[in-house]
Amino acid sequence: MSTEKNIALEFNEFSKNYTSDMIACVPCYADLISSFIKYLPDNFQPERILDLGCGNGNVTSRLLSRFPEAKYTLVDASSEMIELCRKLFRDHDMSYANRYFNEFEFERDTYDLVVAGFSLHHCEDPEKRSMFRKIYSSLKRGGIFSYCDLMISKDHPEHPALLERWKEFVERTFPDGEKWEWIMEHYEAFDRPTNYPAQKEWIKDAGFSNIQTPFNKDFWVYLQAMK
Ligand SMILES: C[S@@+](CC[C@H](N)C(=O)[O-])C[C@H]1O[C@@H](n2cnc3c(N)ncnc32)[C@H](O)[C@@H]1O
Numbered sequence: 001m002s003t004e005k006n007i008a009l010e011f012n013e014f015s016k017n018y019t020s021d022m023i024a025c026v027p028c029y030a031d032l033i034s035s036f037i038k039y040l041p042d043n044f045q046p047e048r049i050l051d052l053g054c055g056n057g058n059v060t061s062r063l064l065s066r067f068p069e070a071k072y073t074l075v076d077a078s079s080e081m082i083e084l085c086r087k088l089f090r091d092h093d094m095s096y097a098n099r100y101f102n103e104f105e106f107e108r109d110t111y112d113l114v115v116a117g118f119s120l121h122h123c124e125d126p127e128k129r130s131m132f133r134k135i136y137s138s139l140k141r142g143g144i145f146s147y148c149d150l151m152i153s154k155d156h157p158e159h160p161a162l163l164e165r166w167k168e169f170v171e172r173t174f175p176d177g178e179k180w181e182w183i184m185e186h187y188e189a190f191d192r193p194t195n196y197p198a199q200k201e202w203i204k205d206a207g208f209s210n211i212q213t214p215f216n217k218d219f220w221v222y223l224q225a226m227k
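Numbered according to full-length UniProt numbering, the sequence shown spans residues 1 to 227.
Okay, structure coming up:
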């Protein structure tokens, strides 16, 4: 079974205590999720929103609080995550795609806002570049792409020190070391983070302008770009 196929199974398992695990294991998780509404322009009123790697719906929940009338499309490879979203958003008319990104059909000039919370670091660099191009094509003119993730490559000179700081953060909640061991197994098998400067170039190459990182702390980055 390919790594990609395993992602769905991994997140089916991870879905059980997902939000509490993310808060305890991902530095700045709450700040980064809040960024999806905090930094959008005041007058921005998206009608159609695409959430790539929706997980259990934390990003869409935030967006819904500000844009209750928008039409949402949620994509995720994990059937358990999609099921959690179906329950959470049962009173809303959402579209769901239980698909890998490379199986999802990005319709052209369709969305006003495309969001990706902690999901694109699962893609290898060529897939990230291709995703930026597909996202650009799927946005309407004036549309916004917003994305948060860990943005440091594993061969970056600062990467070992980042891992040390991350470990200290996790061990504040889980001091026995088992959780950190699990995170590192997941990180090795499924996470392919990329430096911010490289991603910025690819996002620019895809056609985006006004690329900004209003939240950026210790390689945990929230970015916004405009079509
Ligand atoms: C770390 S979770 C993030 C969930 C949510 N966006 C958040 O910010 O809390 C990553 C999600 O992306 C999904 N995912 C990862 N790679 C994917 C891919 N290639 N295609 C579709 N979904 C993917 C996983 O199944 C998982 O639910």
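By construction, the Cβ of each residue, glycine as well, lies at the ideal position given by its N, Cα and C atoms. Keep in mind the model is a prediction, meaning the values are calculated, not measured.
- Closest by C-alpha distance to residue 15, out of 207, 165 and 80, is 80.
- Comparing C-alpha distances from residue 32 to each of 141, 182 and 149 shows the shortest one belongs to 149.
- Relative to ligand 1, residue 226 has its C-beta separated by 6 Å or more from all heavy atoms.
- Distances taken from the Cβ of residue 31 to the heavy atoms of ligand 1 include none shorter than 6 Å.
- Going by C-alpha positions, residue 69 is about 24 Å away from residue 104.
- Residue 180 and residue 37 have their C-alpha atoms roughly 30 Å apart.
- By the neighbour-count criterion, in which a residue is buried when 16 or more other Cβ atoms sit within 10 angstroms of its Cβ, residue 165 is exposed.
- In this structure, ligand 1 has no non-hydrogen atom nearer than 6 Å to the beta-carbon of residue 186.
- Residue 56 sits away from residue 96, with the two beta carbons spaced by 7 Å or more.
- Closest in C-alpha terms to residue 110, from the list 100, 50, 156 and 171, comes 50.
- In the three-state DSSP reduction, residue 94 falls in the coil class, being neither helix nor strand.
- If you check the CB distance, residue 195 and residue 156 come in under 7 Å.
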